[in-house]
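Per the numbering used here, the very first residue in the sequence shown carries number 40; after that it's consecutive. Quick reminder that beta carbons are idealized off the backbone N, C-alpha and C, glycines included. As the structure is a prediction and not an experimental result, all values here were calculated from the model. Below: one structure, written as structure tokens.
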Amino acid sequence: MLKNSIILNNGAKMPLIGLGTWQVNEPLELRNAMNAAFESGYRHFDTAFLYKNENIVGKVIEEWIRKGLVKREELFITTKLPLAGVHPDRVEMFLNKSLHNLGLEYVDLYLVHFPVCVKYHETIDFPLNEAGELQAEPTDHIAVWKKMEEMVELGKTRSIGISNFNKNQIARILEKATIKPANLQIEAHLYLQNTELIEFCKKHGISVVAYSPLGSPAINIFHEKQGYPTKNLPKIMEDENVISIAKKHSKSPAQIMLRFLVQNGVAAIPKSVTPSRIKENIDIFNFELDKSDIALLKTLDKGEAGRVCDMNGFKLSNHPDFPFK
Ligand SMILES: NC(=O)c1ccc[n+]([C@@H]2O[C@H](COP(=O)([O-])OP(=O)(O)OC[C@H]3O[C@@H](n4cnc5c(N)ncnc54)[C@H](OP(=O)(O)O)[C@@H]3O)[C@@H](O)[C@H]2O)c1
Numbered sequence: 040m041l042k043n044s045i046i047l048n049n050g051a052k053m054p055l056i057g058l059g060t061w062q063v064n065e066p067l068e069l070r071n072a073m074n075a076a077f078e079s080g081y082r083h084f085d086t087a088f089l090y091k092n093e094n095i096v097g098k099v100i101e102e103w104i105r106k107g108l109v110k111r112e113e114l115f116i117t118t119k120l121p122l123a124g125v126h127p128d129r130v131e132m133f134l135n136k137s138l139h140n141l142g143l144e145y146v147d148l149y150l151v152h153f154p155v156c157v158k159y160h161e162t163i164d165f166p167l168n169e170a171g172e173l174q175a176e177p178t179d180h181i182a183v184w185k186k187m188e189e190m191v192e193l194g195k196t197r198s199i200g201i202s203n204f205n206k207n208q209i210a211r212i213l214e215k216a217t218i219k220p221a222n223l224q225i226e227a228h229l230y231l232q233n234t235e236l237i238e239f240c241k242k243h244g245i246s247v248v249a250y251s252p253l254g255s256p257a258i259n260i261f262h263e264k265q266g267y268p269t270k271n272l273p274k275i276m277e278d279e280n281v282i283s284i285a286k287k288h289s290k291s292p293a294q295i296m297l298r299f300l301v302q303n304g305v306a307a308i309p310k311s312v313t314p315s316r317i318k319e320n321i322d323i324f325n326f327e328l329d330k331s332d333i334a335l336l337k338t339l340d341k342g343e344a345g346r347v348c349d350m351n352g353f354k355l356s357n358h359p360d361f362p363f364k
């Protein structure tokens, strides 16, 4: 039977299912979601400086610890360095801000959120120039990584990793790293299986967390808020092949999507604020997809055409690292 956690390259244990919290900013909604998650057995929570909810995540954690219901060392808390922090002078400042928001002495995993640096403004996360493009700033990703390593040495994070980095960018970090990335967080689901990148990470001992593992069906709410064009989204959970495999195992399409990832050793952080779905999304360790299921599900991959969460809205064409080589 598949275990519900994996061991990272530094010996730390990461639960294979975590709760995603992007776009959950309403305190009561996030509190209820986290309470439901804790009650359903989640011990892995994913947030980011940019999500503007670290303080709520931290409060709920504090309550569970204070009531003696969980111990800090049982939890796996991930947060992320925002775009303005992807500069060697600003890594520690941003991690300190996140630790302050979360009310924690350390996080379990600190990720460089994007391979992109923007100008630092105290109150603006995505500063734009007159052309409406992000105010990009050249950066040195190796020097940023060295600062990330320092954060481990200072005890402010147990593990470090990257998100939205491609193979070449990861290879450049690996070449100079003293502490190898413990994790890569990328979009991965049945329509964007990211097989090559995942295999590359496995070969280098880097664990992978799949974000938008259900295809982020509500992402247009974010696009509308940001003034980005909305997208015609693929309805993966309505795919007839996924539905037929779900029926075969008496599971839901979401559970098939999540099981497909974790059975391949890839962790997933589905977001939900609905208690029944939160429970359902972690109830995937009591069945197994067989060879024929896996073979069929592999055929659903659409590669880049299946990507839901791209960076086009960022209007990065003026960025020194663009297109990301
Ligand atoms: N590193 C990055 O750049 C990055 C980018 C994107 C996301 N992330 C992380 O990954 C997490 C998950 O990705 P995501 O939020 O984009 O999308 P997702 O988890 O693929 O999808 C979330 C959506 O699916 C719905 N849902 C959840 N469980 C369901 C179920 N069992 N059946 C049917 N619908 C279900 C949720 O609705 P309800 O909430 O209404 O139940 C919500 O609308 C984020 O929250 C964030 O923590 C990271």
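Cβ neighbours of Leu-297 within its own chain (closer than 8 angstroms, five residues either side excluded): Ile-56, Pro-252, Leu-253, Ala-307, Pro-309, Asn-320, Ile-323. If you check the CB distance, Lys-119 and Phe-84 do not come in under 8 angstroms.
The closest heavy atom of ligand 1 lies less than 7 angstroms from the beta carbon of Thr-60. Using a cutoff of 7 angstroms, the CB of Ala-293 counts as near ligand 1, since one of the ligand's heavy atoms is closer than that. Per DSSP, Gly-97 is one residue of the alpha helix (DSSP H) stretching across 93-105. DSSP, reduced to helix, strand and coil, places Met-276 within a helical segment of the structure shown.
In summary, Asn-49 is exposed, with fewer than 16 beta-carbon neighbours lying within 10 Å of its beta-carbon over all protein chains present. A buried status is given to Ser-198, since no fewer than 16 other beta-carbon atoms sit within 10 Å of its beta-carbon.
Not one heavy atom of ligand 1 falls within 7 angstroms of the beta-carbon of Thr-118. If you ignore the 5 residues before and after Thr-217, its C-beta comes within less than 6 angstroms of the C-beta of Glu-188, all in its own chain and listed in chain order. Contact check for Ser-79 against Lys-318 passes: the beta carbons are separated by less than 8 angstroms. In this structure, the C-beta of Thr-313 approaches ligand 1 to less than 7 angstroms from one of its heavy atoms. With a 10 Å radius around the Cβ and a threshold of 16 neighbouring Cβ atoms, Ser-255 comes out buried.
As summarised for the stretch 133-177, the continuous beta strand (DSSP E) elements at least 3 residues long and confined to that stretch are 146-151, given in chain order. With a cutoff of 8 angstroms on beta-carbon distance, Asp-179 and Pro-121 are scored as not near each other. Taking C-beta atoms as the reference points, Val-248 and Gln-224 count as a pair closer than 8 angstroms. By the 16-neighbour rule on beta-carbons within 10 angstroms, Arg-105 is exposed. For Lys-52, DSSP records a beta bridge to Ile-46. For Gln-302, the Cβ stays outside the 7 angstroms cut-off from all heavy atoms of ligand 1.
In the pairwise beta carbon analysis, the stretch 230-244 is classified as not touching the stretch 262-269: fewer than three pairs are separated by under 8 angstroms. For Asp-128, there is no enclosing beta strand (DSSP E), as DSSP marks it with neither H nor E.
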